[in-house]
Amino acid sequence: EINVTLLLQRVVDLEMGQKIAENYDIPFYEVSCKQNINIDKIFLTLARLIRDQRTYQIDQYDSGQNGNIHLDLKSRLFENSLKDQWKCAC
């Protein structure tokens with residue numbers, strides 16, 4: 189059930205969030221720490237993405253195609269001018 193009051197308090201516009209996620213080829217989830225919505229889902233998704241990235245890099249290292257293993261945990265989202273707009277509304 190959607191709470192209209194909370195919907196009006198949305199910090200990030202749904203369409204804007206979806207476009208940014210699409211632009212960076214990352215999954216998009218609406219989350220709420222306050223209401224515990226999608227917190228587990230986003231955490232598990234992030235953990236799987238990190239695991240998959242690490243596995244791929246290890247496979248590349250083992251095959252001799254890459255001399256270094258680099259795990260990039262810093263999202264490109266926070267490197268641009270939008271970083272100040274992404275803050276928890278809790």
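In terms of our numbering, the sequence shown has 221 at position 33, counting the first letter as 1, and numbering is strictly consecutive. Glycine included, each C-beta is placed from N, C-alpha and C at the ideal position.
Put simply, the backbone Cα of V200 is about 25 Å away from that of I238.
Between N226 and Y217, the gap from beta carbon to beta carbon is short of 8 Å. Under the three-state reduction of DSSP output, I214 falls in the coil class, being neither helix nor strand. When DSSP reads this structure, I225 sits in a beta bridge with S220.
Under the three-state reduction of DSSP output, D247 falls in the helix class.
In this structure, the straight-line span from the alpha carbon of D247 to that of A235 is close to 18 Å. Excluding five sequence positions before and after S220, none of the CB atoms of its chain fall closer than 6 Å to its own CB.
Annotation for P215: A209 and T233 place their beta carbon closer than 7 Å to its own, counting only its chain and skipping 5 residues before and after.
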